[in-house]
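Structure first, commentary second.
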Amino acid sequence: MADYVQQRLEDRIPALEQLERVGLFTKKEVKSMLKKSTAMEYKLHRTVLSKEDFISYIQYEINVLELIKKRRARIGYHFKREEIEHSIIHGIISVFRRATSKWQEDVQLWLSHIAFSKKWTFTTENNTAVIIWAGLWIMAAKCQMEDCGSSESARHLFLRALRFHPENKKVYQEYFRMELMHAEKLRKQQEELERAKMDVGEYEFSPEILSGKLAEVVYRNATQKIKGAEFMLSLLQIAAIFDFTKELQETILQDLQTEHTDDSVTWDFMARRELDAAGAPELQDARGRASDANRREERCCAVYEEGVKNLNTEPMWMCYVTFCLDRFKRKTNISELKEKVNIRRAVSKKKALLSPVPAISTALKETYLEWAFKTGGYKKARKTFKSLHEHRPFTKTFFTKMVQIEKEQENPKISNLRDYYERALREFGSSDDDLWMDYIREELGAHGSPENCGKLHWRAMKSLEGECVERFTTQYTLLQTGHI
């Protein structure tokens, strides 16, 4: 314990020295602050923890921040914020994380954490404010639902979260999931009571809630705020997890086909849905199953044909071509599928790979790489990647496909994975926070080096811009605390 406290105090010394050096605090004041912090740190590491000790420490540190703010204004000194305030802010957030982890049922503690994070934003070098965090609301609501068993508190937190983040996809997705979990919980309670032959009349089991109507209300509100087939499909996938949502799933499917026929994502989903349809139970022998697979492929192709007829766009064609590539290695319909795409001759001559039209060039690079892997294996995919990775433009998918191919090998090489991520970050490092998080997770994996994560975090904070910094900070914090 003493070693940990000592380390925490040593981490604070640079900020305290800066306070004295720039004239914001006197030497006597700095010494007094260090003494006070030492006493409070030791209280946080007792065998029996007290919530009041955590709150007192947090309040003390917030008072220090307020005092620094006033003294900066008084003497007109506005530099060294990263060395001074940022260090204190991160320390307070760390204490908040420990407190909310220990007392997860304390909603007010979560709200205080969120309020602090919203008020004490900090800026990157390009002065973009980092506003924290939709992720905290989700964490708080999940704790109320899963750990404390309080659906009402979780619902209250999600509704408050939507006041601050009215168009946040993740908040809506998790709120939708929570309402379905609540309905499932009530259904199980009702079943247990009926199994025990108890009178369920004393309990309130609303048929509307049991059938997921509250989740449908969330779905309606969400799709009014957030448009797009992908978001609607994300809610459909969540609903499909629960076995009582057939009616809700049909509603979402009807809305998808009514409102988003101009989106290739809709056609791709509907086509693959035909492919994934369950076969007839009487098809037990191999020939019967193969015949059924052929019929499903034909129905799938028919949907794609209808799609490219109604939506003659590059993304729509790419969905169709990707489907055909997926079927290349099947024993059924190989010749017919090869005839339909006839992609090998075109891409082998690289007719479109270096096209001046970005949409064509990037799409064919992805398709060519995938085709190389499916027909020639890992070595051919590597060779293809090397022949293309210097010819811009690229998409993120081009690099992530190669990452996935590498990870599918029996002994994936971390040096190769790092090379793919580094090349991807050169293109998208300033605007794609998910890419940084994937790289960090790779280093935390079995083949990586966890000690590299700190450097990657520092690089990401320097490289990312705008709202990407907020999302990255949230995800990185959730990863550190074990919530993702």
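Using numbering that gives the first Met the number 0, the letters of the sequence shown correspond one by one to residues 0 to 483.
For every residue, glycine included, the Cβ atom is placed at its ideal position computed from N, Cα and C.
Keep in mind that this is a model prediction, so the values were computed, not measured.
Span of the alpha helix (DSSP H) around residue i
i      : result
Phe24  : Counting along the chain, Phe24 falls outside any alpha helix (DSSP H), and DSSP gives it neither H nor E.
Gln172 : 168 to 194
Ala239 : Ala239 -> no alpha helix (DSSP H), and no H or E assigned at all.
Arg162 : 150 to 163
His259 : From DSSP, His259 is part of no alpha helix (DSSP H); its letter is neither H nor E.
Tyr76  : Neither: Tyr76 is in no alpha helix (DSSP H) and is coded neither H nor E.
Lys454 : 452 to 462
Asp146 : First-last for Asp146: undefined, no H or E at that position.
Phe440 : The question names Phe, but residue 440 in the sequence shown is Arg. Counting along the chain, the alpha helix (DSSP H) containing Arg440 begins and ends at 432 to 443.
Thr312 : Premise fails: Thr312 is in no alpha helix (DSSP H) and is neither H nor E.
Gly90  : 84 to 101
Pro206 : 206 to 209
Phe268 : 263 to 274
Ser448 : Element bounds for Ser448: n/a, residue is neither H nor E.
Val402 : 395 to 406
Ile137 : 133 to 141
Thr476 : 466 to 479
Val216 : 212 to 224
Residue i and residue j closer than 8 Å at C-beta
i      : j      : result
Phe29  : Leu15  : Contrary to the premise, residue 29 reads as Val rather than Phe in this sequence. Yes, the pair counts as a contact, with Cβ atoms nearer than the cut-off.
Phe78  : Phe95  : no
Lys364 : Leu387 : yes
Val307 : Met317 : no
Leu424 : Glu442 : no
Leu274 : Cys299 : yes
Asp261 : Leu192 : no
Leu507 : Ala238 : Coverage of the chain is limited to positions 0 through 483, which leaves residue 507 absent and any answer about it impossible.
Leu87  : Val63  : Before going further, note that residue 87 is Ile rather than Leu in the sequence given. Yes, these two residues count as a Cβ contact at 8 Å.
Ile413 : His390 : no
Phe372 : Lys382 : no
Leu23  : Arg70  : yes
Candidates the options, of which the one nearest residue i by Cα
i      : options                        : result
Glu207 : Glu193, Ala228, His181         : His181
Arg295 : Tyr303, Ala276, Glu305         : Ala276
Arg272 : Trp109, Gln236, Thr244         : Gln236
Ser100 : Glu246, Lys50, Tyr56           : Lys50
Arg326 : Leu33, Glu297, Gly211, Leu310  : Glu297
Met460 : Glu442, Asp437, Gly428         : Gly428
Ile487 : Leu108, Leu213, Arg417         : Residue 487 lies beyond the residue range present for the chain, which begins at 0 and ends at 483; the question has no answer from this structure.
Ile61  : Leu252, Glu258, Trp119, Gly447 : Trp119
Glu258 : Lys226, Gly306, Gln248, Ser233 : Lys226
Arg154 : Arg97, Val106, Glu190, Met197  : Val106
Thr222 : Ala270, Tyr171, Cys300         : Tyr171
Trp457 : Glu305, Phe471, Ser111, Lys378 : Phe471
His112 : Leu135, Trp102, Glu104         : Leu135
His164 : Ile137, Phe372, Asp146         : Ile137
Thr480 : Tyr319, Arg97, Ile413          : Arg97
Asn167 : Phe230, His85, Glu151          : Phe230
Leu232 : Glu469, Leu192, Met269, Glu246 : Met269
Pro392 : Asn415, Val468, Arg422, Met436 : Arg422
Phe384 : Gly375, Lys373, Met401         : Met401
Gln103 : Lys69, Gly211, Gln143          : Gln143
Ser263 : Phe372, Tyr303, Asp291, Gln474 : Tyr303
Ser93  : Cys452, Asp10, Arg162, Ser150  : Asp10
Asp242 : Glu183, Arg194, Ala292, Ala228 : Glu183
Val468 : Met436, Val4, Lys26, Gln248    : Met436
Glu305 : Leu247, Tyr319, Glu313, Glu190 : Tyr319
Asp267 : Leu478, Thr250, Ala228, Asn293 : Ala228
Ser205 : Ala195, Lys196, Gln188, Arg194 : Gln188
Rounded Cβ spacing between residue i and residue j (contact assumed at less than 8 Å)
i      : j      : result
Tyr56  : Leu43  : 6 Å
Phe157 : Ala133 : Contact doesn't hold; Cβ gap of about 11 Å is too wide.
Leu255 : Thr244 : Leu255 to Thr244, Cβ: 15 Å. No contact.
Leu185 : Leu209 : 6 Å
Leu8   : Ile83  : That pair is no contact at about 16 Å.
Ile404 : Tyr438 : Their Cβ separation, rounded to whole angstroms, is 17 Å, which puts Ile404 and Tyr438 out of contact at 8 Å.
Tyr41  : Val4   : 6 Å
Leu247 : Gly211 : 5 Å
Proximity test, residue i beta-carbon vs the ligand ATP heavy atom, cut-off 7 Å
i      : result
Leu434 : Ligands are entirely absent from the displayed structure, and the ligand ATP is therefore not among its contents.
When you compare the segment 168 to 181 with the segment 217 to 233, are there three or more beta-carbon pairs, one atom per stretch, that lie closer than 8 Å? The way I'd put it, the segment 168 to 181 does touch the segment 217 to 233; three or more beta-carbon pairs between them come closer than 8 Å.
Below 8 Å, how does it come out for the segment 37 to 51 and the segment 69 to 77: are there three or more Cβ pairs, yes or no? The answer is no - the segment 69 to 77 does not touch the segment 37 to 51, with fewer than three Cβ pairs under 8 Å.
Examine the Cβ distances between the segment 361 to 372 and the segment 393 to 400 and report whether three or more of them are shorter than 8 Å. At 8 Å Cβ cutoff, the stretches touch.
At least 3 beta-carbon pairs within less than 8 Å: the segment 456 to 471 vs the segment 413 to 432: These segments touch.
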